[in-house]
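Under this note's numbering, the first residue of the sequence shown is numbered 128, with each subsequent residue one higher. Every residue gets a Cβ at the ideal spot worked out from N, C-alpha and C, and that includes glycine. Note that the structure is predicted; figures quoted are calculated from it, not measured. These notes concern the structure reproduced below.
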Amino acid sequence: MVVDSRLRADLALVLVALFWGVTFPLIRGALEVLSPQQFVAWRFSLATLAFLPLLVASREARSGLRGVLGVGLLLGVISGFSYFAQTWGLQTVPAGRAAFVTGTSVVIVPLLAPLFRAGRPGVADFVAAIVATGGLYMLTADDTQSAAGLVTGDFWILLCAFSYAVYILVLQRVLEKPRNPVALAFAQVAAIAFFADLVLGSTGSVRITWSPWVISALVFCALLATVATFWLQARFQGQTTAQRVALIFALEPVFAAFFAWWLLHERMGLEGLLGAILVLGAVLGAELVGARRRA
Numbered sequence: 128m129v130v131d132s133r134l135r136a137d138l139a140l141v142l143v144a145l146f147w148g149v150t151f152p153l154i155r156g157a158l159e160v161l162s163p164q165q166f167v168a169w170r171f172s173l174a175t176l177a178f179l180p181l182l183v184a185s186r187e188a189r190s191g192l193r194g195v196l197g198v199g200l201l202l203g204v205i206s207g208f209s210y211f212a213q214t215w216g217l218q219t220v221p222a223g224r225a226a227f228v229t230g231t232s233v234v235i236v237p238l239l240a241p242l243f244r245a246g247r248p249g250v251a252d253f254v255a256a257i258v259a260t261g262g263l264y265m266l267t268a269d270d271t272q273s274a275a276g277l278v279t280g281d282f283w284i285l286l287c288a289f290s291y292a293v294y295i296l297v298l299q300r301v302l303e304k305p306r307n308p309v310a311l312a313f314a315q316v317a318a319i320a321f322f323a324d325l326v327l328g329s330t331g332s333v334r335i336t337w338s339p340w341v342i343s344a345l346v347f348c349a350l351l352a353t354v355a356t357f358w359l360q361a362r363f364q365g366q367t368t369a370q371r372v373a374l375i376f377a378l379e380p381v382f383a384a385f386f387a388w389w390l391l392h393e394r395m396g397l398e399g400l401l402g403a404i405l406v407l408g409a410v411l412g413a414e415l416v417g418a419r420r421r422a
């Protein structure tokens, strides 16, 4: 059924947001000893290597790789820029504030959707986006309000939000044609790794200081937050709308706040809890409205 496939796709993308949410405290800790160039290069190089057994095991993926190299390169450049921008921004911007600014892509996607012929958002889409943005602000209010005025990192995080909104819309158009998800995901990750290694080779040292935290951060970010998330998006995003994807990804800061509480023992006040409830309500409300329309 259509409803079942759409719901399955949305749940898969919720898993993407969950994996990304874990990365905020992990990356923040790793950047205490690594440069952004080192972290991104190692993350995507390891992810590229992890994809190779999947390509070897799947004849369909190998045969489909040639047809996605061009779009994979384009998507890799757009997505890679967003990852670099976010990692650079996290050097000087508190994790909560970065999560809020990154989450503004939930509003950017509906605004840009007509330009990319990715569907016209309805009133419910804009209402859900505005509610989710308000929830994100409440969720991250402590970092957003307490941090000093605008810094360079805010500029990079805003560029991350904009570029990832563009990525969602371009991927939506790409997935209008059948694509092998393993091949498409690998092409993107390999492109990011190639450019990240070039940047690292020209600006920094390849050798890094190893620690249990750095190893855990790189392994998690490479396998679950890169290999799994790129495959899940390539496999399921085409079964839902770009506006719904952006709204679901607004859950990322909610998961980030939870794992910051669990891993880093950060506290969440009443305002943050209400903000998380607003974001969850916006996502669930949009899901219910969408299901009613398709019924």
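- The region 167-178 makes contact with the region 308-316, as at least three CB pairs between them are under 8 Å.
- In this structure, DSSP gives Glu303 a state outside helix and strand, which the three-state scheme calls coil.
- Using a C-beta cut-off of 8 Å, the region 221-237 makes contact with the region 151-165, since at least three inter-stretch Cβ pairs fall below that distance.
- Contact check for Ala403 and Gly262: beta-carbon distance about 7 Å, within the 8 Å limit, so the pair qualifies.
- According to the DSSP assignment, Leu181 belongs to the alpha helix (DSSP H) that extends over Pro163 to Ala184.
- Only residues of its own chain outside the window of five on either side were considered, and among them Asn307 have a CB closer than 6 Å to the CB of Glu187, listed in chain order.
- For Ala314, the uninterrupted alpha helix (DSSP H) run begins and ends at Pro308 to Thr330, by DSSP.
- Secondary structure of Val333 (DSSP, three-state): coil.
- Assigned with DSSP and collapsed to three states, Arg244 falls in coil, not helix or strand.
- Taking C-beta atoms as the reference points, Val297 and Leu201 count as a pair closer than 8 Å.
- Each residue's CA atom was taken as its position, placing Ser132 and Ser338 some 42 Å apart.
- DSSP, read as helix, strand or coil, puts Ser338 in coil.
- Where Gly203 is concerned, the enclosing alpha helix (DSSP H) starts and stops at Leu196 to Gly216.
- If you look at Arg193, you'll find it isn't in any alpha helix (DSSP H); DSSP assigns it neither H nor E.
- Following the DSSP letters along the chain, one finds Ala383 inside the alpha helix (DSSP H) bounded by residues Glu379 to Leu390.
- Straight through space, the alpha carbons of Phe253 and Ile235 are spaced by roughly 10 Å.
- Assigned with DSSP and collapsed to three states, Leu286 falls in helix.
- The alpha-carbon separation between Val381 and Lys304 amounts to approximately 33 Å.
- The beta carbon of Pro241 sits closer than 7 Å to the beta carbons of Arg247 from its chain, once the five residues preceding and following it are set aside; these are given in chain order.
- Judged by DSSP secondary structure, Gln366 falls outside any alpha helix (DSSP H); it is assigned neither H nor E.
- Note that the C-beta distance between Ala352 and Val149 is below 8 Å.
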